[in-house]
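The sequence shown begins at 0 in numbering that gives the first Met the number 0 and counts up by one. Ideal Cβ positions, reconstructed from N, Cα and C, are used throughout, including at glycine. These notes concern the structure reproduced below.
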Amino acid sequence: MIGALRSHLPDLPAVCAAATLMLVWVTPGVAQELQGRVALADSLPVGGVRVELHSFSETAGVLVDSTITDPSGQFEFALGAAEEPGAVFLAGARYGGVLYWGPPIHATNPGDLSDYAVAVFDTALVSGAVESLRTSIRHIVITPGVAGLQVDEIIDVQGMPDRTLLPAGDSVFVWTAALAGSAHGVVPAQGGVAQEDLAVREGIIGFAGALPPSGIRVALQYVVPSTEFALRLDHPTQRLELLVMPRAGMELRVDGLTEASVGSDMAVPVRRFTAADLPKGATVSIRVEIEEREGGRVWVWLLVSLALGAAALLSVRLTANRS
0 MIGALRSHLP
10 DLPAVCAAAT
20 LMLVWVTPGV
30 AQELQGRVAL
40 ADSLPVGGVR
50 VELHSFSETA
60 GVLVDSTITD
70 PSGQFEFALG
80 AAEEPGAVFL
90 AGARYGGVLY
100 WGPPIHATNP
110 GDLSDYAVAV
120 FDTALVSGAV
130 ESLRTSIRHI
140 VITPGVAGLQ
150 VDEIIDVQGM
160 PDRTLLPAGD
170 SVFVWTAALA
180 GSAHGVVPAQ
190 GGVAQEDLAV
200 REGIIGFAGA
210 LPPSGIRVAL
220 QYVVPSTEFA
230 LRLDHPTQRL
240 ELLVMPRAGM
250 ELRVDGLTEA
260 SVGSDMAVPV
270 RRFTAADLPK
280 GATVSIRVEI
290 EEREGGRVWV
300 WLLVSLALGA
310 AALLSVRLTA
320 NRS
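Right under this line is the structure:
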């Protein structure tokens, strides 16, 4: 079953980068006891499940130890000194074929290790995409090019409140979403779910992995070979943010979104459009019209736009990670 054994890792590069900023020192060689508990969402303890302790650094991740919870869901690990500065420990419990992670423990500042909790959830097999799933945030960055539009998207999908959804078969999607009209060349981008859990069929992106209550993030890149970006939402969306990269002589016609100011943390002069609480079936579109000037400048503006698009997408990802 696709995704049944998929691990739900946090954003480990971000976790490790943050950990390198911690300055509190732990005496090398002194082991500390991690005392934890595995429980369902209703606080019912889960005994007899395997718990794994992993250590992650900026360069590697290793399995340190494993154990089985007692009837009250309790487990213990001895945390040794981390071999690399900025490393983090993570404890994960396997339940129903899915590996769930507890909060990261910074090796340089572990905090209280006596009440560590790993939440697990019952699973539900689905035979098709669950239409009731909601989108919390959909970020879109459009970079106009010579022959069309480069599109970068980040879609944050909410899970069910008390169940992890699993596909009932190898070809079953748990979640799908429509892409912009005429989208092609769709490829997964860094920062989202594993590439093997995604597939494109007839203008939609589908996810075929395990979808936990904490939700998933889907990151994509594709091209629209025209001057118009048109999207019909097939899930209620709490917030939609769209950024358009600047280009000389560019004019925009926008429907379904409102232009908004750009925050001071945005380092490039983009045009920003936004909307909130969009219902299923809502449509948004942006038509880009460019008055060409000297032909020799076309390629210069294309290269500048691509660079600005990458910078803006990075800013969007950092903003989403902070929210």
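- By the C-beta criterion, the segment 249-268 is judged not to be in contact with the segment 194-209, since fewer than 3 inter-stretch pairs fall below 8 Å.
- One thing to note: VAL217 has its Cβ within 7 Å of the Cβ of ILE154.
- Here LEU232 is not near ALA274, since their CB atoms are 7 Å or more apart.
- Under DSSP, VAL243 shares a beta bridge with ILE141, ARG270.
- For GLU201, the closest C-alpha among the options LEU178, PHE88, LEU277 is that of LEU178.
- Per DSSP, GLN31 is one residue of the beta strand (DSSP E) stretching across 31-38.
- Within 10 angstroms of the beta-carbon of HIS234 lie 16 or more other beta-carbons, which makes it buried.
- CA-CA distance, LEU219 to VAL186, rounds to 6 Å.
- Annotation for GLY191: ARG216, VAL217, ALA218 place their beta carbon closer than 6 Å to its own, counting only its chain and skipping 5 residues before and after.
- Leaving aside the five residues that flank GLN189 on each side, the residues in its chain whose CB is nearer than 7 Å to its CB run, in chain order, ALA218.
- For the segment 39-92, the full-length beta strand (DSSP E) segments reaching 3 residues or more read 49-55, 60-67, 73-78 along the chain.
- About 6 Å separates the Cβ atoms of PHE120 and PRO212, confirming a contact at the 8 Å cut-off.
- At a Cβ-Cβ threshold of 7 Å, THR68 and THR122 do not count as neighbours.
- If only uninterrupted beta strand (DSSP E) runs of at least 3 residues are considered, those enclosed by the segment 139-180 are 148-156, 162-166, 174-177.
- The shortest C-alpha to C-alpha distance from SER56 to any of PRO103, LEU33, GLN237, THR66 is the one to PRO103.
- The Cβ-Cβ distance between SER113 and GLN31 does not fall below 7 Å.
- Only residues of its own chain outside the window of five on either side were considered, and among them GLU152, LEU241 have a CB closer than 6 Å to the CB of ILE139, listed in chain order.
- DSSP places GLN194 in the helix class (H, G or I) of the three-state scheme.
- For ASP254, the enclosing beta strand (DSSP E) stretches over residues 249-254.
- ALA167 counts as exposed, since fewer than 16 other C-beta atoms from the protein chains shown sit within 10 angstroms of its C-beta.
- Taking the Cα of ARG93 as reference, the smallest distance to any Cα among VAL117, GLY79, SER260 is reached at VAL117.
- The beta-bridge partner set that DSSP reports for HIS183 consists of VAL222.
- With 16 or more other CB atoms across the displayed protein chains lying within 10 angstroms of its CB, VAL156 is buried.
- Between VAL243 and ILE136, the C-beta spacing is not below 7 Å.
- An exposed status is given to PRO160, since fewer than 16 other beta-carbon atoms sit within 10 Å of its beta-carbon.
- Within the model, the alpha-carbon separation for GLY101 versus SER65 is close to 14 Å.
- ILE204 places its beta carbon 7 Å or farther from that of ALA229.
- The beta-bridge partner set that DSSP reports for ARG133 is empty.
- In the DSSP annotation of this structure, the continuous segment of the beta strand (DSSP E) that includes VAL97 starts and ends at 97-100.
- Pairing THR226 with VAL287 gives a Cβ-Cβ distance under 7 Å.
- If you draw a 10 Å sphere on the C-beta of LEU148, you find 16 or more other C-beta atoms in it, and that means buried.
- By the neighbour-count definition (other C-beta atoms within 10 Å, threshold 16), PRO268 is an exposed residue.
- Counting along the chain, ASP121 sits inside the beta strand (DSSP E) bounded by residues 121-125.
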